[in-house]
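Mapping to UniProt numbering: the sequence shown position 637 is 637, numbers consecutive.
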Amino acid sequence: MKIQQIQIDGFGKWQDQQFDIDPQFQIIYGKNEAGKTTLSHFITSILFGFANGHQQYQQYLPKNGAAYGGQLTIEAENLIYRLQRVKGKNGGPLTISDEQGQQLPATKLTEILGPIDQQLYDSIFSFSQIDLTQIFQLTGQNLADYLRQMGAVGSSQWLDLIKEHRKNADEIYKPRGSKPQLNQRLKEYKALNIKVQQAAGRYDHYQTLLAQVNSASEKLTKNRAHLKQVQLELEHLQGLKRLMPIFLKLKATTTNQVELTNEDIAQVQQLQADLTQINSQVQNLTQQLTDVQQNNQLTGQQQFYFDHVSQFERVAQLMPQLKLRLEQDERQNEQLDAWTVAQQQILARYNVNRLPAATSDEQIAILEQLQGQQRELQTKLESLTQSQMRTKPTTVQSTWWGYGVAVVSLIALLIVPNLFVKIILVLVLLGSLVSNVWVNRGAKDQQQVNNQEKLQTVKAYLDSVEQKLTNWGKQNKVTAFRQEQWLSMQGDLRRFADLEKQINQVGEQQTQTKIKEAEFKQALAFAREWVQLDGSVNELIERVEQFIAKQAGAKDAWQSQQQRFSILAKQLDDTKQHQIVKQQQKTAIYARLKITNDADFKATHQQFLIATADQEKAAALSSQVSAEQQQELAAFTDEDDLANQLIAKQATVDEVKKTIDDAFEMQTSVQLEINQMAKSGTLSALRQQQANLQATINQLVFNWLSEQLTSAWINQALDLASKGRFPQIIKKANKYFATLTGQHYGKIEVDDEKITVVDQDGDSFEVGELSQGTAEQLYVALRFGFAVVMSDTINLPLLIDDGFVNFDNSRKTAVLNVIQQISAENQVIYFTANDHILTQMTETSILNLDKE
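Right under this line is the structure:
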């Protein structure tokens, strides 16, 4: 079966896409996420059904709601079929139609695929990089099982049945067992047989019968051996009959020899690819050198700068400090204005043109003490003065009180009629008048004297303090200001002095800046023809910076281009030398092959592929029929002659079977008579037990033989169905493995437990001892061997999904050559993300998904 076209309605990222597939070798290239694996899964999904909901990540349902499914156009048995599958239950309904559009039953696909289901297809015909790691668990028994599965429809169920029968047989009997049923019954029978012989005695007739039974048993044994022999001969003839069509094809096959090897092909193709790449490199390097030469010319400015680099570097060293000074001066000019305004405000506050120096902290402390004393004395003086002024009002008040008492007494005297009372009132009146006058006069005189003394004392102290204040003002040069300002103005005096100091410092710094400006202009005088020196210093610095940056960049670019020119020239020279070596190598190979150019090689290569395909076909047929079998088949005149001998052998088998049946019937009759003789007494009972045990043993033996023979028969049937091709597969795999490993390994050895390989030195290695790449190449060789040997029975496309990641370049080339050989009989579809394939193979053989 070969795929001709893929049409996808909706599957994963692919919608409404159609791809034409080469019937022999199709390479499908694409970067990661290009849809290669999706396309591979689409092919197997159409053949075997879509994944169900339990495998949702394998379903590849379209994200945009497009129709799910598509169709494959295939060629099988020289006829064209279209396989269409859409979304639905059980993998989706399948529609098969022929080239005329006539619908066919779905069983047609089963006929085409034969015994291959998806699991077996994935095990033999499809693999990816992940699958290659299975080589480390693969055994010879696995390979044999795969082969048996491919030999017959439903063989996987037969293999399961073999395991079940073997298990059942082991439960009945094991050669070294003790627990199985038959082992225990045989042990019992041995003991019982001794008892029977002891009880039977030496009966002549009994012995005669026993001799007859033994004689019959011997005849049965001989006849059964004879039957086995003639059955083997019959089976051998049947095997020859199955091989006769292959033998006839082999006789009709012709092969031609071409003086070309896979190693020659790999070397030439590699050299061609190398030379193509080298020629491109030479052309590219030559163009780059031309571009560098044209674009690396110096201008007058650049030349002047290159000649005075050291002077420009000196100027560049001066600029950062000068720029910093200019920036500081600019900021300080603003500060100077603020400081000057602050000084003017202080002078205006005191309405003067100049302020005295700030007073020391010690003098301020003295001033604070004197002013405190002054305030205290002034307060006392004011208090004493007010007290003296209050003395007269107090006397007047007291007199009015005295007069009040007198008036009251006088009024009472006029009103009260009692004489005694009147006398008392008269005395009170007189006393109040006299005492009032005397008291007021004495108090007034004493108070005035005391107040006057205190007032004089305070004034004296106050005059002393004020004199000290006057002296302090002269000492500190503040007499021009009011005394109450002396203390409060100390902050302004200090602030004024600080401002004066800062203004002087800034002036000194700006003077230094002017000096630096002059030095900078002097250092730049050499470049006046290329740099304009007028304008402000900031403008000049900016112009110089721009000039230096521009020319320094040009210098770096020029030097970089010069360095690049040297590197490119060296690369070009090395590449040309490499080109000469490669060309010489290719010429030497062409001379050995007696060809002159690439066109001759291409024609020779094509002849080699055709001859190799013929040889492979003949080898495949020859590998299915051994030399001994070919010699036997050649002895027959034709197929009819073989058929007649087969009929005669079948008649012999039937005759021997009848002889066995007659002998068995006689043996049974004699044994019945023996049993009748043993019915009396203990012997009879023992015989009965012996008979019962024999029956049980016979049944167990029958059951055990049934299980063993059934297992053996199924195995033999499956081996016959696979036509004994296991050695052929290993032989073919040996050849491919040797090619893939550059003839380093020449032999693959397989047993039930493990797979080993033998190198050129005869050393044997298990799979686990091989490198990852070599182990994967062994797996690929076995896969290819299976596909090629079975191609005459089951010919399905090989799907390879980036399976050679761990192969080096030479082995990748080798595997591509092997694939090209295989593709003459088996279609190969190779999915890859390796862009090296784009230069290694022709464009017509590559389907580039990145362009779809």
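Yeah, the Cβ is synthetic: ideal placement off N, Cα and C, and Gly gets one too.
Item: Cutoff 7 Å; reference Leu109; Cβ partners in own chain excluding five residues on either side; Value: Leu83, Leu94, Ile96
Item: Extent of the continuous beta strand (DSSP E) run through Ile829; Value: 828-832
Item: Presumed contact (8 Å Cβ cut-off) between Leu285 and Phe565, rounded CB distance; Value: Contact flag wrong, Cβ pair sits at about 11 Å.
Item: Local Cβ density within 10 Å of Thr832, reported as buried at 16 or more and exposed below that; Value: buried
Item: Option nearest Asn476 by Cα separation, candidates Leu493, Asp9, Thr612, Glu188; Value: Leu493
Item: DSSP state of Arg224 mapped onto helix, strand, coil; Value: helix
Item: Backbone secondary structure at Gln59 - three-state DSSP; Value: coil
Item: Own chain partners of Thr756 with C-beta closer than 6 Å, once the 5 adjacent residues on each side are dropped; Value: Glu749, Ser764, Glu766
Item: Three-state secondary structure assigned by DSSP to Asn351; Value: coil
Item: 6 Å CB neighbourhood of Asn848 in its chain, flanking five on each side removed; Value: Tyr29
Item: Stretch-stretch touch, CB-based, cutoff 8 Å, three pairs: the region 571-591 with the region 784-799; Value: no
Item: Contacts around Gly12, its chain only, beta-carbon distance under 6 Å, and the 5 residues preceding and following it disregarded; Value: Thr38, Tyr60
Item: Through-space distance from Gln378 to Gly473, alpha-carbon basis; Value: 19 Å
Item: C-alpha distance - Thr208 paired with Gln671, whole-angstrom precision; Value: 11 Å
Item: Sequence-distant residues of its chain with Cβ nearer than 8 Å to Lys649 (five each side left out); Value: Val230, Glu233, Leu234, Leu237
Item: Beta-carbon spacing of Leu499, Gln328 below 7 Å; Value: no
Item: Nearest to Val213 (by Cα), restricted to the options Asn834, Gln667, Ala738; Value: Gln667
Item: Cβ-based burial, Gly154 [other Cβ within 10 Å; buried from 16]; Value: Per-residue confidence for Gly154 stands at a pLDDT of 44, beneath the threshold of 50, marking its modelled position as unreliable; the derived number appears in the next sentence. Flag for Gly154 reads exposed.
Item: Supposed close pair Gly65, Gly91 - CB separation, criterion 8 Å; Value: Not a contact, Cβ separation roughly 21 Å.
Item: Where Ile364 sits in the DSSP three-state scheme; Value: helix
Item: Contacts around Glu639, its chain only, beta-carbon distance under 6 Å, and the 5 residues preceding and following it disregarded; Value: Met244
Item: Where the beta strand (DSSP E) through Asn848 begins and ends; Value: 846-848
Item: Alpha carbon of His165 to alpha carbon of Gln181, nearest angstrom; Value: 16 Å
Item: Backbone secondary structure at Ile346 - three-state DSSP; Value: helix
Item: Enclosing beta strand (DSSP E) for Lys747 [first to last residue]; Value: 745-750
Item: Nearest to Gln630 (by Cα), restricted to the options Ile415, Asp22, Gly239; Value: Gly239
Item: Distance, Ile74 Cα to Met1 Cα; Value: 7 Å
Item: With 16 other Cβ atoms within 10 Å as the buried cut-off, status of Ser40; Value: buried
Item: Own chain residues within Cβ distance below 8 Å of Val396, not counting five before or after; Value: A caution first: Val396 carries a pLDDT of 42, below 50, which makes its placement in the model too unreliable to give a value.
Item: Assigned exposure category for Arg202 - 16 Cβ within 10 Å defines buried; Value: Because Arg202 carries a pLDDT of 46, less than 50, the predicted location of this residue cannot be relied on, and no value is offered for it.
Item: Rounded C-alpha distance that separates Asp801 from Gln772; Value: 17 Å
Item: Given 8 Å, three or more beta-carbon pairs between the region 121-132 and the region 795-815; Value: yes
Item: Among Ala518, Gln373, Ser387, the one whose alpha carbon lies nearest that of Gln452; Value: Ser387
Item: N-terminal and C-terminal residue of the alpha helix (DSSP H) that Val780 is part of; Value: 772-789
Item: Ala76 - partner residues in DSSP beta bridges; Value: Leu79
Item: Contact under 7 Å by Cβ, Ile27 with Ile822; Value: no
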